[in-house]
Amino acid sequence: MSDPEVLILGSGAAGLSLALRLAQQGHVVTVVSKSSLASGSTLWAQGGISAVLDADDSLENHVRDTLVAGAGLCDERAVRFTVERGPAAIRWLIEQGVVFTQEEGDERGRSLHLTREGGHSHRRVVHAADATGRAVETTLATLAGSHPNIRVRENCVAVDLIVDHVHKRVLGAYLLDIETDQVSAIAAKAVALCTGGANQVYLYSSNPHGASGDGIAMAWRAGCRVANMEFMQFHPTTLYHKDERSFLISEALRGEGAVLKLPESGERFMPRFDERGELAPRDIVARAIDHEMKRLGIQHVLLDITHKPASFIRTHFPSIFAHCLELGLNITREPIPVVPSAHFTCGGVITDLRSRTDVDGLYAIGEVTCTGLHGANRLASNSLLECLAFAEAAAADLHERLPSLPDPVALRPWDDSRVTDSDEDVVVSHNWLELRRFMWDYVGIVRTNKRLERAQHRVDLLKQEIQEYYGNYRINAGLVELRNLVTVADLIVRSALLRKESRGLHFTLDYPQTLPEALPTILPGRVASH
Ligand SMILES: Cc1cc2nc3c(=O)[nH]c(=O)nc-3n(C[C@H](O)[C@H](O)[C@H](O)COP(=O)(O)OP(=O)(O)OC[C@H]3O[C@@H](n4cnc5c(N)ncnc54)[C@H](O)[C@@H]3O)c2cc1C
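Under this note's numbering, the residue at position 486 of the sequence shown is numbered 506, and the numbers go up by one with no gaps.
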């Protein structure tokens with residue numbers, strides 16, 4: 021089979037929209053996903069996609085709201101670029117067949133229903149009921165799966181990028197087929213990293229299992245700069261349950277009067293932290309829960325809505341009610357155990373407005389990137405928009421450049437002649453857990469120098485152990501992810517140590533003030549061997 025023109029790693033909103041735009045212009049691409057084609061955080065996105073579509077709203081309003089959320093650290097050019105592309109991005113999705121929730125319009129007929137979310141000054145969130153990501157992802161995956169110019173490789177993990185370091189040019193990537201355990205080298209004229217965020221680096225995460233920061237780690241090893249990794253967004257309330265680690269308990273419950281309580285005493289603690297109580301902004305609620313959990317050494321707090329009539333709860337929150345009931349929890353009678361969880365990675369691989377990275381031919385799109393849009397905190401529903409806007413930009417740039425990019429070259433095959441099969445897989449599972457636990461305890465919502473230094477010490481030890489293991493044993497998907505997770509943990513801790521202030525999502529007791537000048541934290545890439 022001939023080499024693809026573009027190798028797209030990841031099949032969420034970023035990867036699939038890039039693939040479709042290129043394929044529709046006649047380019048041949050390969051899309052790789054480490055699970056099924058319809059996968060990633062995109063599939064789980066609930067709320068919607070922000071775009072200025074209401075006559076009372078304006079692009080200027082959307083820009084301002086994004087800049088305010090980003091706490092002084094957004095790149096205004098990237099914000100304007102993204103916001104301006106919002107309406108066209110929604111039109112493109114509709115043309116692909118995505119069905120969004122409509123409302124009865126005036127005589128001109130039906131129009132899109134827009135919701136309003138925290139931080140948005142106007143109604144501007146387009147949605148498909150409470151499962152927007154599913155509508156987008158399944159529609160795009162169906163189209164991509166049947167397009168003659170798109171080859172799909174599912175259950176295939178990208179292990180590393182292959183780079184010509186002399187010319188700082190990407191040549192392709194090594195892919196591990198999970199079913200056969202074989203690693204192959206795939207050459208392409210260009211490679212796009214669309215691998216999503218790194219939120220699985222924390223013990224509790226709202227993200228699917230695969231959000232292990234693979235793209236960020238691969239790009240960094242290839243020599244790309246990575247920025248703002250200290251800004252990890254935590255969602256305040258995820259279900260705490262032994263069989264369910266990533267089920268979000270919507271903020272709408274608090275909006276409808278649910279209160280946060282301590283497990284033993286039943287004390288309602290939010291009023292001690294903010295006069296708005298449970299209705300304080302997301303970050304303040306997450307910080308308060310974290311504070312109480314650390315102070316008391318408890319595993320979770322409780323979210324109680326039992327004072328509302330059972331019929332109200334069942335009709336307003338049908339999916340949360342049904343899912344909790346399946347797990348044996350009747351939320352009309354019992355409070356819900358909740359913990360905050362890592363939700364969104366604001367930092368990532370530095371890209372420009374064409375989605376180019378520091379390595380020639382290497383593009384990055386979506387949650388894997390740091391485009392400058394989010395700054396120190398993400399405005400809700402801006403992330404799917406970022407995927408769509410920057411995929412369009414990358415497709416336009418690639419369409420122009422592909423004819424002049426060098427043809428793919430023969431690549432050095434993966435060499436596993438000096439490794440053996442491991443008889444100690446426990447090392448991988450143990451280190452996964454250890455890493456995620458200390459990241460949660462020491463590099464979570466509230467930080468201190470001492471906690472960060474403790475974390476750095478443990479990261480250093482794990483890095484050494486994992487690298488040794490990686491060098492001696494045949495790789496598998498778990499080991500590839502663990503190696504990337506420890507790299508990303510290292511980048512987060514180092515970035516957090518460099519920031520001597522509290523800003524946006526980065527809050528440290530040692531530097532509670534915000535400095536007058538907002539500067540990004542930029543870490544230079546480190547060229548490493550495979
Ligand atoms: C529960 C939840 C709710 C959310 N709600 C919203 C919302 O309402 N609005 C909003 O704008 N944002 C929301 N977000 C955030 C948003 O969903 C993500 O930022 C966005 O979907 C990221 O898209 P992506 O294409 O960059 O990555 P993803 O959708 O995460 O896709 C990543 C892809 O990369 C693949 N992959 C990863 N590593 C490798 C590898 N090594 N090799 C091969 N393939 C790999 C995965 O299999 C997957 O296909 C939500 C997120 C979550 C988790």
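Backbone N, C-alpha and C fix where the C-beta goes; we use that ideal spot for every residue, glycine too.
None of the values given here were measured: they were computed from a predicted structure.
{"Item": "CA-CA distance, residue 120 and residue 460?", "Value": "36 Å"}
{"Item": "For residue 25, which residues from the same chain have a beta carbon less than 6 Å from its beta carbon, with the 5 sequence-adjacent residues on both sides left out?", "Value": "47, 48, 209 and 422"}
{"Item": "So, for residue 188: in the same chain, excluding its five sequence neighbours on each side, which residues have a beta-carbon less than 8 Å away from its beta-carbon?", "Value": "243, 378, 379 and 380"}
{"Item": "Are residue 321 and residue 340 close, meaning C-beta to C-beta below 7 Å?", "Value": "no"}
{"Item": "Compute every distance between the C-beta of residue 64 and the non-hydrogen atoms of ligand 1, then say whether any falls below 6 Å.", "Value": "yes"}
{"Item": "Taking a contact to mean a Cβ-Cβ separation below 7 Å, would you say residue 257 touches residue 323 in this structure?", "Value": "yes"}
{"Item": "In whole angstroms, what is the alpha-carbon distance linking residue 260 and residue 268?", "Value": "10 Å"}
{"Item": "Can you find the residues in the same chain that come closer than 6 Å, C-beta to C-beta, to residue 197, ignoring five residues on each side of it along the sequence?", "Value": "176"}
{"Item": "Please report the straight-line C-alpha distance between residue 101 and residue 79, rounded to a whole angstrom.", "Value": "10 Å"}
{"Item": "For residue 227, is the beta carbon positioned less than 6 Å from some heavy atom of ligand 1?", "Value": "yes"}
{"Item": "In the DSSP assignment, what are the bridge partners of residue 261?", "Value": "264"}
{"Item": "Residue range of the beta strand (DSSP E) that residue 475 falls in?", "Value": "Run containing residue 475: none in the beta strand (DSSP E); it sits in the alpha helix (DSSP H), 469–492."}
{"Item": "Where are the beta strand (DSSP E) runs, 3 residues long or more, that stay fully inside the stretch 79–110, in chain order?", "Value": "none"}
{"Item": "Given residue 64, which residues of its chain have a CB within under 6 Å of its CB, disregarding the five upstream and five downstream residues?", "Value": "153"}
{"Item": "State buried or exposed for residue 45, treating a residue as buried only when at least 16 other CB atoms are found within 10 Å of its CB.", "Value": "exposed"}
{"Item": "Secondary structure at residue 543, three-state DSSP: helix, strand or coil?", "Value": "strand"}
{"Item": "Tell me which same chain residues have a C-beta within less than 8 Å of the C-beta of residue 409, skipping the five on either side of it?", "Value": "101, 102, 105, 106 and 109"}
{"Item": "Can you tell me which residues form a DSSP beta bridge with residue 371?", "Value": "None; residue 371 has no bridge partner."}
{"Item": "What does a CB cutoff of less than 6 Å around residue 417 pick up in its chain, not counting 5 residues either side in sequence?", "Value": "374"}
{"Item": "Determine contact between the stretch 64–78 and the stretch 140–158, defined as no fewer than three beta-carbon pairs at a distance below 8 Å.", "Value": "yes"}
{"Item": "Let's see if you can read the secondary structure: which residues bound the beta strand (DSSP E) around residue 305?", "Value": "Where residue 305 is concerned, there is no enclosing beta strand (DSSP E), although the alpha helix (DSSP H) it sits in stretches over 302–316."}
{"Item": "Starting from residue 462, trace the alpha helix (DSSP H) both ways and give me its first and last residue.", "Value": "446–462"}
{"Item": "Within a Cβ cutoff of 7 Å, which residues of the same chain sit near residue 199, ignoring the five residues on either side of it in sequence?", "Value": "175"}
{"Item": "Could you compute how far the alpha carbon of residue 538 sits from the alpha carbon of residue 383?", "Value": "26 Å"}
{"Item": "Can the beta-carbon of residue 75 be found closer than 7 Å to that of residue 397?", "Value": "no"}
{"Item": "May I have a chain-ordered list of the alpha helix (DSSP H) segments no shorter than 4 residues that lie completely inside the stretch 335–402?", "Value": "338–346"}
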